[in-house]
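Participant: Below: one structure in structure tokens.
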Amino acid sequence: MHPNEALILRFYDALQRKDGAAMAACYAPDATFCDPAFGRLSADEVGAMWRMLTARATDLSVVASAIAADANTGAAHWDATYTFSKTGRKVRNRIDARFTFRDGLIASHEDSFSLWRWAAMAMGLVGALLGWTPPMQAAIRRQSRQALEAWIRREKGAP
1 MHPNEALILR
11 FYDALQRKDG
21 AAMAACYAPD
31 ATFCDPAFGR
41 LSADEVGAMW
51 RMLTARATDL
61 SVVASAIAAD
71 ANTGAAHWDA
81 TYTFSKTGRK
91 VRNRIDARFT
101 FRDGLIASHE
111 DSFSLWRWAA
121 MAMGLVGALL
131 GWTPPMQAAI
141 RRQSRQALEA
151 WIRREKGAP
């Protein structure tokens, strides 16, 4: 197994254990992250995002598969099943991840999934009807970013 494959396995194992700090430690100091819900994040933001998501997860289940990596790039598929706390609805998000590596750490990470499909599961009829629209997707990203910014302020001890 290539060391970067082992890194991806360690990353998803930490997610399954809800260990956001261990996940953040897998990233290079200047890493980037991007997904449909949060948009593009810096390394500090991505670490905070994983700490926030794992701290709030009550019934998270993660199954990673199709993990492959070489010295420069990697990929994985992962399914996350959890209850969306705002609505109490069950979500099973199917995600494809792409990675680049530098010095044994994740340099960039991009998750792709259908935000419309996620919205339908998380928000019910409203998400199913409007989740494909740019305004609804922008609202989801805005709420995700606001939650992350509030989490970062709390981690720094600010009100």
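FYI, in the UniProt record's numbering the residues of the sequence shown are 1 to 159.
Idealized CB from N, CA, C, for every residue including glycine.
(1) Looking only at its chain, what residues have a beta carbon closer than 6 Å to the beta carbon of residue 22, apart from the 5 residues adjacent to it on each side?
(2) Using a Cβ-Cβ cut-off of 6 Å (strictly less than) and excluding sequence neighbours within five positions of residue 108, which residues of its own chain qualify?
(3) Assign residue 127 to one of two classes, buried (16 or more other C-beta atoms within 10 Å of its C-beta) or exposed (fewer than that).
(4) Kindly indicate which residue of 45, 18, 123 and 6 has the alpha-carbon position closest to the one of residue 146.
(5) Check this for me: beta carbons of residue 169 and residue 89, under 8 Å apart or not?
(6) Are residue 148 and residue 28 touching if we call contact CB-CB under 8 Å?
(7) Restricting to Cα atoms, I'd like to know which of 67, 64, 12 and 95 is closest to residue 54.
(8) Output the distance between the C-alpha atoms of residue 106 and residue 39, rounded to the nearest integer angstrom.
(9) Out of 136, 19, 95 and 56, which one is the CA nearest neighbour of residue 65?
Facilitator: This is what the structure holds:
(1) Here residue 22 is taken as the residue at index 22 of the sequence shown, counted from 1. Once the five neighbours on either side are set aside, the close Cβ partners of residue 22 are 14.
(2) Your numbering for residue 108 matches position 108 in the sequence shown. Cβ within range, chain order: 32 and 100.
(3) Numbered from its first residue, the sequence shown carries residue 127 at position 127. Classification for residue 127: buried.
(4) What you label residue 146 is simply residue 146 of the sequence shown in a count that begins at 1. Considering only alpha carbons, the answer is 45.
(5) Nothing about residue 169 can be read from this structure; the chain reaches only from 1 to 159.
(6) The residue labelled residue 148 in the question sits at position 148 within the sequence shown. The residue labelled residue 28 in the question sits at position 28 within the sequence shown. Going by C-beta atoms, residue 148 is not nearer than 8 Å to residue 28.
(7) Here the question's residue 54 lines up with position 54 in the sequence shown. Residue 54 has its Cα closest to that of 12, out of 67, 64, 12 and 95.
(8) Residue 106 sits at position 106 when you count from the first residue of the sequence shown. Residue 39 sits at position 39 when you count from the first residue of the sequence shown. Approximately 17 Å between the Cα atoms of the pair.
(9) Numbered from 1 along the sequence shown, position 65 holds the residue referred to as residue 65. It is 95.
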